[in-house]
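In the working numbering, the protein residues as written are 23 to 350.
Where a beta carbon is used, it is the ideal one built from N, C-alpha and C, also for glycine.
None of these values were measured; they are calculated from a predicted model.
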Ligand code: SF4
Ligand code: SF4
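In structure tokens:
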């Protein structure tokens, strides 16, 4: 069964790492994958925490570098240069984190479950990776943790767009009974249903898939597949056949993602950190601990069930949701 180590203070990271074979990282150039936060977001993982990880990796004689990819939307992480500037602004400098900060904007195609995902160049060539994920809510996937960190954050902006577009609903008029359930459950009021009338506003839609899941008449389907399924596939493209450690931070757990300038409010008190070598187990343990403190909080706030990404991840062999929790 997968080990997941739980600790409350990042200063305990050194002890947590003894449960995993860090010596296999020795001599390797190691990307430390992190979402460094959109401008004005306050909740992303901070440089002080990253410094602990970088120092541990250096003690293990590795050559770490902080790493992320550019994003599809026109914010301040759209180009490599803009993202480097924002990383500096958020304190991710060589002086603060103890290593270089590298941003990728191109990738290599990898096929998973019949679909192609362009994995960022620096992830593709790495044999060993360390992952830092701030666990928080997400508008499309309910929760963002390790799976989402790679599934969206490990690929090129072209693949990001493709994943987003692929989960939008497709309507089949012949099957529709105009029951109105899809309109009631849509968190963004993108669907309108009246007698014999169904309308959809794509500009309001985030492709969360809640409407598709709720239509028992099969009048709605995905353009290609569920967003959370594609996240799990994309994450697998990034990490398969590699040695990867996953550190999830369960602190400042906000309703929205680190890419959202208005990600608040905080919806769960601070819990601590989880470390494992399995992204599915790490996210499942994160969700279980959060649900213990605030039952179904992500579902309540974002209306999307985050368990789907965990179940899909398990189904496609990304990892296992069974774990043994070791408390330090
Ligand atoms: S839930 Fe399905 S059947 Fe009901 S109105 Fe929406 S699309 Fe039509
Ligand atoms: S995918 Fe989500 S946001 Fe889009 S219409 Fe369906 S429920 Fe609404």
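In terms of alpha-carbon separation, which member of 45, 327 and 329 lies closest to residue 80?
45
Across which residues does DSSP place residue 156 in a beta bridge pair?
Looking at the DSSP output, residue 156 shares a beta bridge with 271.
Under 8 Å: do the segment 177-188 and the segment 139-151 share three or more Cβ pairs, one atom per stretch?
Two segments are said to touch when three or more pairs of C-beta atoms, one from each, lie closer than 8 Å; by this definition the segment 177-188 touches the segment 139-151.
Going by DSSP in three states, residue 124 sits in which element: helix, strand or coil?
strand
Bridge-paired residues (DSSP) for residue 227:
In DSSP, residue 227 forms no bridge with anything.
Local conformation of residue 144 per DSSP, three classes:
If DSSP states are grouped into helix, strand and coil, residue 144 belongs with the helices.
Measuring only the C-alpha atoms, how far is residue 240 from residue 193?
9 Å
Going by DSSP in three states, residue 248 sits in which element: helix, strand or coil?
coil
Residue 291 beta carbon near ligand 2 (any heavy atom closer than 7 Å):
no
Relative to the alpha-carbon of residue 267, which residue among 218, 212 and 149 has its alpha-carbon at the smallest distance?
149
For ligand 1, I want to know if residue 236 counts as a neighbour, meaning its beta carbon is within less than 7 Å of at least one of the ligand's heavy atoms.
Indeed, a heavy atom of ligand 1 lies less than 7 Å from the Cβ.
Looking at the unbroken beta strand (DSSP E) that takes in residue 24, where does it start and where does it end?
Element bounds for residue 24: 24-29.
Got a sec? Which residues, its chain only, sit under 8 Å from residue 346 by beta carbon, not counting five neighbours each side?
23, 24, 25 and 26
Does the beta-carbon distance from residue 351 to residue 275 come in below 8 Å?
Shown here, the chain extends from 23 to 350; a query on residue 351 therefore has no answer.
May I ask whether a heavy atom of ligand 1 can be found less than 7 Å away from the beta carbon of residue 200?
yes
To which residues of the same chain is residue 243 closer than 8 Å at the C-beta, ignoring the five residues directly before and after it?
191, 192, 194 and 234
For residue 53, the nearest candidate out of 219, 96, 197 and 91 (CA to CA):
91
Collapsed DSSP secondary structure at residue 173 in the structure displayed
helix
Just reading off the alpha helix (DSSP H) that residue 334 is part of, what are its end residues?
First-last of the alpha helix (DSSP H) with residue 334: 329-337.
With which residues is residue 216 paired in a DSSP beta bridge?
219
Is the segment 160-177 close to the segment 55-68, with three or more CB pairs under 8 Å?
yes
Taking residue 218 as the reference, give the member of 237, 197 and 227 with the closest Cα.
197
Residue 172: beta carbon under 7 Å from a heavy atom of ligand 1?
no
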